[in-house]
Amino acid sequence: MKKIIVLVGLFLLFAVLSGLNDTYIQGRIAENSTGGVKTSENPGLPTYNFQISGDSLFQQINVVQIIGIPEDSAEKIILDWLPAKIFHSAEINEYNKSLSDVFVIDKITSGGFELSYTFSEDSAQIRILPEDIQLNTIQLEYSIFPPTLVSDFGKASGKEFYFFSNWYAKLENVRESIYSATYEIPTRYQLASNLEIIDETKVLLPEQISPAFTWFAGEDMEVLTKSLPCDTCKVKIEVYSQQEKTEYSERIAAALLDGINYLEQNIDDFPYSKLVVIDFPRTFYGEQDYPGVISVKSGFISPRISGVPELEIFEGLSRQYFGFEKFYDLRQNQFVYYSLNDYMSELLYEQSFGIPSNFFSFAEFYPIPGLLFLAYNHIPILYTLGDYELPRGAKHLPYYYRDRLVSKIIDDSGKNNDFTRGMRYKAALSFLTVEKSIGVSKHLEILREVYHSGNDNDFSTSYVEHLKSLPVYGNNLAELFTQSFTYSYKIDYLVQTGDSRYELKITRTGDGIFPIDIKINKEPGSSLLNWDGKERFKIVTFSSEEKVKSVEIDPQRKNMLDVNFTDNSYTLDAGYTGAWSISMRWFFWIQNALMILGSVG
Numbered sequence: 020m021k022k023i024i025v026l027v028g029l030f031l032l033f034a035v036l037s038g039l040n041d042t043y044i045q046g047r048i049a050e051n052s053t054g055g056v057k058t059s060e061n062p063g064l065p066t067y068n069f070q071i072s073g074d075s076l077f078q079q080i081n082v083v084q085i086i087g088i089p090e091d092s093a094e095k096i097i098l099d100w101l102p103a104k105i106f107h108s109a110e111i112n113e114y115n116k117s118l119s120d121v122f123v124i125d126k127i128t129s130g131g132f133e134l135s136y137t138f139s140e141d142s143a144q145i146r147i148l149p150e151d152i153q154l155n156t157i158q159l160e161y162s163i164f165p166p167t168l169v170s171d172f173g174k175a176s177g178k179e180f181y182f183f184s185n186w187y188a189k190l191e192n193v194r195e196s197i198y199s200a201t202y203e204i205p206t207r208y209q210l211a212s213n214l215e216i217i218d219e220t221k222v223l224l225p226e227q228i229s230p231a232f233t234w235f236a237g238e239d240m241e242v243l244t245k246s247l248p249c250d251t252c253k254v255k256i257e258v259y260s261q262q263e264k265t266e267y268s269e270r271i272a273a274a275l276l277d278g279i280n281y282l283e284q285n286i287d288d289f290p291y292s293k294l295v296v297i298d299f300p301r302t303f304y305g306e307q308d309y310p311g312v313i314s315v316k317s318g319f320i321s322p323r324i325s326g327v328p329e330l331e332i333f334e335g336l337s338r339q340y341f342g343f344e345k346f347y348d349l350r351q352n353q354f355v356y357y358s359l360n361d362y363m364s365e366l367l368y369e370q371s372f373g374i375p376s377n378f379f380s381f382a383e384f385y386p387i388p389g390l391l392f393l394a395y396n397h398i399p400i401l402y403t404l405g406d407y408e409l410p411r412g413a414k415h416l417p418y419y420y421r422d423r424l425v426s427k428i429i430d431d432s433g434k435n436n437d438f439t440r441g442m443r444y445k446a447a448l449s450f451l452t453v454e455k456s457i458g459v460s461k462h463l464e465i466l467r468e469v470y471h472s473g474n475d476n477d478f479s480t481s482y483v484e485h486l487k488s489l490p491v492y493g494n495n496l497a498e499l500f501t502q503s504f505t506y507s508y509k510i511d512y513l514v515q516t517g518d519s520r521y522e523l524k525i526t527r528t529g530d531g532i533f534p535i536d537i538k539i540n541k542e543p544g545s546s547l548l549n550w551d552g553k554e555r556f557k558i559v560t561f562s563s564e565e566k567v568k569s570v571e572i573d574p575q576r577k578n579m580l581d582v583n584f585t586d587n588s589y590t591l592d593a594g595y596t597g598a599w600s601i602s603m604r605w606f607f608w609i610q611n612a613l614m615i616l617g618s619v620g
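Take 20 as the starting number for the sequence shown in the numbering used here and just add one per residue.
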């Protein structure tokens, strides 16, 4: 009798513990998942379940992918075969592998019956007849043979490091979905994902809502985990770094905490509950930023004053807002994905750490025409021995001047296939010009309103409308932004002398228009005038009891799109100070150059 009681007691204890364990697991699912909502509560979302296994050498990865299709799906089932999209548009494929060398589809079934389908490599789409589908599920079985150096996925050259994003079939035109996965891969690899891994022994990713599913596996990786101390949200941060560069992990985590707090105060709550940062091997190609994933390629010597890797981190962080959570259609919004986040990364860095510096630059050139000639970091630089402040926007100017100077950002067809570096940085300078005109806080207010406007696929229209609503120069700024994006206009203003000593001619040589401040420097003091910049030229006539020394237009350098800053001023009282300063700096440059060159060999 006692034995029976003991057995019953053990059974009850086992049941209680099992229930507690189930409660714990479900609690972890709800706590850590992106949204943490079960499938049954979201019947309108597709589901993706993956069973992933790799051989001992990780040269072949076998995948069983089950897609749950919502009941209100379209009349035709189209799967975007994401790997085919990558191979169709990849700029780098070092070993000239074809899609069939990397991905092999074994079969596609539904309810145990094999489906017939058509696949177009050009459109990268798999088409299936809906009437052939049983139980609203499609099962794909395929193998992956990881290539080397292909954008978005593959193996890093010389490293046991594998990265997989955009690697599976996905229902066409679907944003968020519910993901789950189980893994069976060699134990020597560190596994991580933008989705939360709960059970380390089973390597389980429970059902979680996300725009995408990204994962990586690598040897010799260290992980640093942080939680954002925030009242409005909980963001888990995981920083994965190579063992030889773990000293950057704390710096990366600190930058993330600063950046997320700043963006939450000025834009919105961070859109995901987990953020993974991966220190990619430098041999891995591409810009690997994805929903919940930021990549960084820090060097072995990266002082904080150089802005590396912090600027990379801030660009990827901004992209989590403006790139994945909003404005997802990159075909029409490349300038948002790149240019806005270029602008935001420099803003975030300055807010956290001040102005970055050039640190031991070699063979670097800053073209004189568009920069302040009397600053060290704005003369042609062969090298630098020290660190020189690099103000926001300065690194964009060389590309803006050299790469299709007056190119337009959005072409007439709207396809925008030729998004060059010049276009990218021209757009970034446009955002900075608006900020310099209205101030940081007002510009962030506009970006926050655009972010919440709900118009995810047309950023520029919403942004311009908000600019127009500004008092005084709102229409002018909106016109400038529109011109910059849709016309091949050059923007340039210069100062010329007139016949009278205090009569100056301000000329607009380009077609672009920008409201211009005119600063008259006197002895002592100065005065400020303003011109809307619309006419081809403006005659400024004035009288002054004080001696007038010089006149300068756009003294605060608000218009970052001006192609030539050097003709923006005119000195009425010639002196030797400027020439002496330039001469001294030139001799400094030559002296240091001789020191470096003389020491070679």
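Using N, Cα and C, we set each Cβ at its ideal position, and we do this for glycine too.
For residue 369, the closest alpha carbon among the candidates 546, 326 and 354 is that of 326. A contact is defined here as three or more CB-CB pairs under 8 Å, and the segment 449-469 meets this definition with respect to the segment 280-288.
In this structure, residue 497 sits away from residue 303, with a CB-CB distance that is not shorter than 8 Å.
Taking C-alpha positions only, residue 154 is separated from residue 116 by approximately 37 Å. Counting along the chain, residue 445 sits inside the alpha helix (DSSP H) bounded by residues 440-457. Secondary structure note for residue 363: it is in no beta strand (DSSP E), and the uninterrupted alpha helix (DSSP H) holding it is 360-372.
Bounds of the alpha helix (DSSP H) holding residue 487 are 478-487. With a threshold of 16 other beta carbon atoms within 10 Å, residue 452 meets it and is buried. Taking the C-beta atoms as reference points, residue 158 is found nearer than 8 Å to residue 83.
Between residue 376 and residue 324 a beta carbon distance of about 4 Å is seen, short of the 8 Å cut, so the two are scored as contacting. Distance from the CA atom of residue 512 to the CA atom of residue 577, rounded to whole angstroms, is 13 Å. An exposed status is given to residue 491, since fewer than 16 other beta-carbon atoms sit within 10 Å of its beta-carbon. Contact check for residue 352 against residue 478 passes: the beta carbons are separated by less than 8 Å.
Around residue 130, the same chain offers 153 and 154 as residues with beta carbons nearer than 6 Å, after the five sequence neighbours per side are excluded. The beta-carbon distance between residue 197 and residue 228, rounded to whole angstroms, is 6 Å. This is short enough to meet the 8 Å contact definition.
Shortest Cα-Cα distance from residue 236 to any of 291, 166 and 180 involves 180. As a beta-bridge residue in DSSP terms, residue 181 pairs with 174 and 236. The shortest CA-to-CA distance from residue 97 to any of 105, 444 and 86 is the one to 86. When the Cα atoms are used, residue 201 and residue 218 turn out to be separated by approximately 10 Å. The Cβ-Cβ distance between residue 226 and residue 242 does not fall below 8 Å. Taking a C-beta distance under 8 Å as the contact criterion, residue 238 and residue 259 do not qualify as a contact pair.
In the structure shown, the three-state DSSP call for residue 265 is helix. Following the DSSP letters along the chain, one finds residue 78 in no alpha helix (DSSP H), marked with neither H nor E. Taking the Cα of residue 151 as reference, the smallest distance to any Cα among 136, 160 and 545 is reached at 136.
For the 8 Å CB-CB criterion, residue 338 and residue 356 form a contact.
In this model, residue 126 and residue 146 are separated by some 14 Å (Cα to Cα).
For the 8 Å CB-CB criterion, residue 261 and residue 298 form a contact.
When the alpha-carbon of residue 421 is set against those of 409, 442 and 212, the nearest one is in 442. Counting along the chain, residue 121 sits inside no beta strand (DSSP E); it lies in the alpha helix (DSSP H) bounded by residues 118-121.
For residue 309, no alpha helix (DSSP H) run applies, since DSSP gives it neither H nor E. One thing to note: residue 99 has its Cβ within 8 Å of the Cβ of residue 144. Between the alpha carbons of residue 419 and residue 455 lies a distance of about 18 Å.
Just so you know, the alpha carbons of residue 503 and residue 439 end up roughly 14 Å apart. Judged by beta-carbon spacing, residue 500 lies within the 8 Å limit of residue 486, meaning their Cβ atoms are closer than that value. Across the structure, residue 268 and residue 414 are spaced so that their CA atoms are roughly 26 Å apart.
Judged by DSSP secondary structure, residue 138 falls outside any alpha helix (DSSP H) and instead within the beta strand (DSSP E) spanning 136-139.
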